[in-house]
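UniProt numbering puts the first residue of the sequence shown at 1, with every later residue one more than the last. Notes to accompany the following structure.
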Amino acid sequence: MSKNTKIEDLNYYVNWLERSIIEEHIELYEYSDFKNIQLIGSGAYGNVYRVNRNNSDHSFALKSFNYDKQTLKEVVKELKLHLSVNYHESIIRLYGITRVEVDAIQEYSFVLEYADSGTLNTYLNEHIDELDWNNKYNLASQLASAIEFLHENNIIHRDLHGNNVLIHKKNIKLADFGLSKKITEASSNTSKIFGMIPYIDPKKLDNPNYKLDKKSDVYSIGVLLWQISSGHKPFYEIDYDVSLALSILNGKREKIIDGTPVKYNNLYRECWRDEPNKRPNMQEIVTNLKSIISLVENDIIIDNINEKKEIYSMDDCDINSVLSKATVDLNNELVLVNDKLSIVSSDSINNIDLNNELILSNGEYNIIKYENERNSLNQNYANSFLSVSSDVTESSVNLINFLDVNRLIAFVIKKHDRGITFYQVQQLIRKQILQTNQVTDQLIKWLLKNQDKSQYIWFLGFFYYYNIGVEENANRAFEMFSKAADDNCPIAQVYLAKCYYDGYGTNLNKNLSFYWYQKSAENGCIIGQLYLGNCYEFGIGTDVNAKKSFHFYKEATKNGNTTAILYLATCYRLGKGVEKNEIKAFKYYEIMANQEISDAQYQLGNCFYYGIGTKIDKIQAKCWYEKATNNGNIIAKQFYKKCYPLNSIIKRLVNFSLLLRTTIKWW
């Protein structure tokens, strides 16, 4: 082929790539915006770099490609494949593309999500001692789910191994699918091929012309499941050479690791059978993994709920202890600084009580009510405190440094992630945490002086949003949420999404609301997962997608969000996004109902009344409707009146009789 022909072919694929960028609406990033460029990997296709964009701390991965006809052709194909599966949380996210001119040639790179823990090989090597079987099951399940998703979209990975599976925030991120086959075939580097021998379908080892298919991916998955159980690469003690390839062809497989659950090792042994037609498909693998971990998952849910049921959770006590210390130490310092406070006695200081009782109650969708039983401050102490000079007050601003702001932020996020609503967080902060104006003022002044981190920017916006210690300012709150969200702060992304949803401080925009909920979920935010599921269920800023909705409700449930448990139960009851399973729905409702969640009690009443997942039992139905009613569930109250009118009449008569008796006695 002549030189001119090669150039024409390259131009053809470059134009194809440019056309794909436009047609697929892919975001184009300016290469000049990327800073701190560090090489972190290389392969037959090109190189991978870690970069930051502008002045942000958020990292991206740039995946560059060799400038040749074969590679550019496959790049376009991978681009299209990536776009079709870009929303699965266990697949590395493609943000867009960038280009840079080198020697009068436009070179292209993918802008990808950066995996903070590197490859599966590296992660297991460094952290295997920290992983219990729950962690291993989750990694295996995420990996299998990602490959199942590819297969459902008729995509075959063809190159699964421990270096193509990445880890980000302790979760699986699948990479390099669709590109490896052609590039590997075009490469003459046999050492790289030998380096992957244990993961390659034996049929391919036996016949280089064998066409890798879905069952080839299944074989690789079996090897990776074993690797997750062991913590190291297969056959790591011997050379990856022709001898190993021949041994694998003759049936050699890795030994089962001691302590591996029988069902798990049976599963991966089925995957690495020699004959492809005897291997399970990915759907069967995912189903088996779900079956293996289902009991563990239920135990986790129950443990999380029981943890929430405690009146004094450890984090509540800890955070109140910190804040109580903040108030007392601040007051002591002011006593030392200004003689005006000399009238303050140690008794009055000890009278401060910020360790108020946090009572877990219920309401529609696990409403958590916090009751304030604070002790009042000694009046002399309060008057003395308020009479302190402005100079002394200003000089004490730095005292807030000992108050662990990061722990307070973590406390708020944790409450959100467990299911507390935006309104309840406001009440919690206003009434239970920052009970004195002095602590609030000092905290806000500290935040105003420390806007160097995204979480501090968000937290200051939080106070403007809720009108705590400052005048409510929608524009200021939105501005700060937006700035922190752009810097990849997950909780700020949730609040920004809510601003767009409500039109708070900005124009109402459901599409941007969805976008930011999605970003927060991608960053591991549990409450973000819940709201993203909500978007998919009701078509908020996106198309209705019951399967995705179920997926994100399930993720939030596994992470302990009580609201998500109710949504998940409803998905099972109605068959929304998952195969209908009324028995499973009943079990979830029962778990929550026994924890005094009124909406679950109402739904459990429905289960007994209509025979959903259990036998019809009108007596049990009446019992649960009554409990839900007593716990403030309005729908249950109306239904109870309708279905049991006689009971309602009798109850009214009893109440009237008691009132009449009391009135007569008073007279």
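The C-beta atom is built at its ideal place from N, Cα and C for all residues, glycine as well.
Euclidean distance between Cα positions of residue i and residue j
i      : j      : result
His168 : Tyr589 : 33 Å
Lys415 : Val425 : 8 Å
Leu17  : Ser141 : 35 Å
Ser243 : Arg269 : 22 Å
Asn207 : Cys271 : 20 Å
Tyr137 : Ala115 : 20 Å
Leu443 : Val14  : 55 Å
Thr122 : Asn47  : 18 Å
Asn281 : Asn125 : 29 Å
Asp441 : Ser454 : 20 Å
Ile649 : Lys641 : Caution applies to Ile649, whose pLDDT of 43 falls short of 50 and renders its modelled position unreliable; the value that the coordinates give is listed next. In a straight line, the C-alpha of Ile649 is about 9 Å away from that of Lys641.
Asn545 : Gln518 : 14 Å
Glu479 : Val76  : 38 Å
Asp129 : Ile172 : 18 Å
Asn534 : Ala521 : 12 Å
Asn633 : Cys607 : 16 Å
Pro234 : Asp599 : 50 Å
Glu310 : His58  : Bear in mind that the predicted position of Glu310 carries a pLDDT of just 45, short of 50, making it unreliable; the figure below should be weighed with that in mind. Their backbone Cα atoms lie some 37 Å apart in a straight line.
Ile619 : Asp417 : 36 Å
Ser42  : Asn86  : 23 Å
Leu532 : Asn561 : 13 Å
Ile256 : Val439 : 58 Å
Leu267 : Arg53  : 43 Å
Bounding residues of the alpha helix (DSSP H) (the contiguous stretch that carries residue i)
i      : result
Tyr601 : Residue identity check: residue 601 is Gln in the sequence provided, not Tyr. Per DSSP, Gln601 belongs to the alpha helix (DSSP H) from 598-610.
Gln451 : Run containing Gln451: none; DSSP gives neither H nor E here.
Val425 : 422-427
Gln529 : 526-538
Gln38  : That residue, Gln38, is in no alpha helix (DSSP H); its beta strand (DSSP E) goes 34-42.
Ser520 : 510-522
Ile565 : 562-574
Arg418 : 405-418
Tyr501 : 490-502
Glu147 : What sits at residue 147 in the sequence shown is Ile, not Glu. Taken as a continuous stretch (DSSP letters only), the alpha helix (DSSP H) holding Ile147 covers 133-152.
Lys214 : 214-230
Ile591 : 582-593
Beta-carbon spacing of residue i, residue j below 7 Å
i           : j      : result
Phe550      : Val578 : yes
Asp217      : Ile147 : yes
Leu112      : Lys63  : yes
Gly613      : Phe639 : no
Leu530      : Ala556 : yes
Met155      : Leu94  : Residue identity check: residue 155 is Ile in the sequence provided, not Met. Their beta carbons are not under 7 Å apart, which means Ile155 does not touch Leu94 by this criterion.
residue 675 : Ser482 : Lying outside 1 to 667, the shown extent of the chain, residue 675 is not represented and no answer is given.
Arg158      : Leu83  : no
Gln601      : Lys627 : yes
Trp624      : Gly611 : no
Thr98       : Tyr49  : no
Gln456      : Leu447 : It is Tyr, not Gln, that sits at residue 456 in the sequence shown. Result yes, Cβ atoms of Tyr456 and Leu447 sit closer than 7 Å.
Phe514      : Gly539 : no
Ala492      : Ala484 : yes
Tyr31       : Val100 : yes
Tyr572      : Asn559 : no
Val223      : Tyr240 : no
DSSP-derived helix/strand/coil call for residue i
i      : result
Asn383 : Note that Asn383 has pLDDT 34, beneath the 50 cutoff, so the model's placement of it is unreliable and the number below is only indicative. Helix at Asn383.
Arg279 : coil
Val76  : helix
Tyr240 : coil
Asn633 : coil
Thr614 : coil
Phe478 : helix
Gly541 : coil
Glu89  : coil
Thr184 : Because Thr184 sits at a pLDDT of 42, beneath the cut-off of 50, its placement in the model cannot be relied upon, and the point is left open.
Glu113 : strand
Ala61  : strand
Cys317 : Per-residue confidence for Cys317 stands at a pLDDT of 46, beneath the threshold of 50, marking its modelled position as unreliable; no derived number is given.
Arg99  : strand
Chain C within 7 Å of residue i, Cβ atoms only
i      : result
Leu246 : As a matter of chain content, chain C is missing from the structure shown, which is built from one protein chain.
Boundaries of the beta strand (DSSP E) in which residue i is found, first to last residue
i      : result
Asn47  : 47-53
Ile167 : 165-168
Tyr29  : 28-30
Cβ contact (3+ pairs, closer than 8 Å) linking the region 72-87 and the region 485-503: When Cβ pairs closer than 8 Å are counted between the two stretches, the region 72-87 is seen not to touch the region 485-503, the count staying below three.
Any 3 or more C-beta pairs closer than 8 Å across the region 241-256 and the region 132-146: The region 241-256 is not in contact with the region 132-146.
Cβ contact check for the region 213-227 and the region 153-164: 3 or more pairs under 8 Å: These segments touch.
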